[in-house]
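Participant:
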Amino acid sequence: MSHGVEAAQLPEGFEVVARSEQGAVAAVENWEKRVYGLQYHPEVTHSPERMDTLRYFLFDVCGISANWNMENVADEEIKVIKAARIDALEVDEIFARIDGYPTYEGLTTELESVRFALEH
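According to UniProt numbering, the stretch in the sequence shown is residues 1 to 120, in order.
(1) Between the Cα of E29 and the Cα atoms of E49, E71 and E15, which residue gives the shortest distance?
(2) Suppose the cutoff is 8 Å on Cβ atoms and the five residues either side in sequence are ignored; what does the same chain contact list for V61 look like?
(3) Since A18 and A26 should fall inside the 8 Å C-beta cutoff, what is the C-beta to C-beta distance between them, to a whole number of angstroms?
(4) Give me the Cα-Cα distance between V73 and R50, rounded to the nearest whole angstrom.
(5) For a test of the three-state rule: what should DSSP assign to A24, helix, strand or coil?
(6) Just list the alpha helix (DSSP H) runs in the segment 42 to 78, keeping only unbroken ones of 4 residues or longer that don't cross its boundaries, in chain order.
(7) Given a threshold of 16 other Cβ atoms within 10 Å of its Cβ, counted over all protein chains shown, does L38 qualify as buried or as exposed?
(8) Kindly identify the DSSP beta-bridge partner or partners of R19.
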């Protein structure tokens, strides 16, 4: 954890709920407002509990569920695009945004068919 920046004074209603081994503020919360602050870098390998921390935050604090996968996300986006009746230029903008990113392989084919239908 980087110790270059630390909370010197907390806003009203917040309290320190975790400190690093060196004593730096690592987490704060306002329980009443359900607002949390965390200095944390889950991408670094020397954070041994990184996945547990992310799971706790996402599932217990935020209350989301893990009932999705990339294929489902892509299928839902295709439905939204078709329902919106967008024009070919907007589909080109979507292609530009996803170009270079790993995507569900059916998404590109489906978007190409939507673009073709919009042009004809």
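Glycine is no exception: its CB is placed at the ideal position from the N, C-alpha and C atoms.
Since the structure is predicted, the reported quantities are computational estimates derived from the model, not experimental observations.
Facilitator: Judging by the given coordinates:
(1) Shortest Cα-Cα distance from E29 to any of E49, E71 and E15 involves E15.
(2) Within the same chain, R34 and Y36 come within 8 Å of V61 by CB-CB distance, once the 5 residues on both sides are set aside.
(3) Confirmed, Cβ separation roughly 4 Å.
(4) Going from the Cα of V73 to the Cα of R50 covers about 25 Å.
(5) Coil.
(6) Within the segment 42 to 78, the complete alpha helix (DSSP H) runs of at least 4 residues are 50 to 55.
(7) Classification for L38: exposed.
(8) Its beta-bridge partners are V25.
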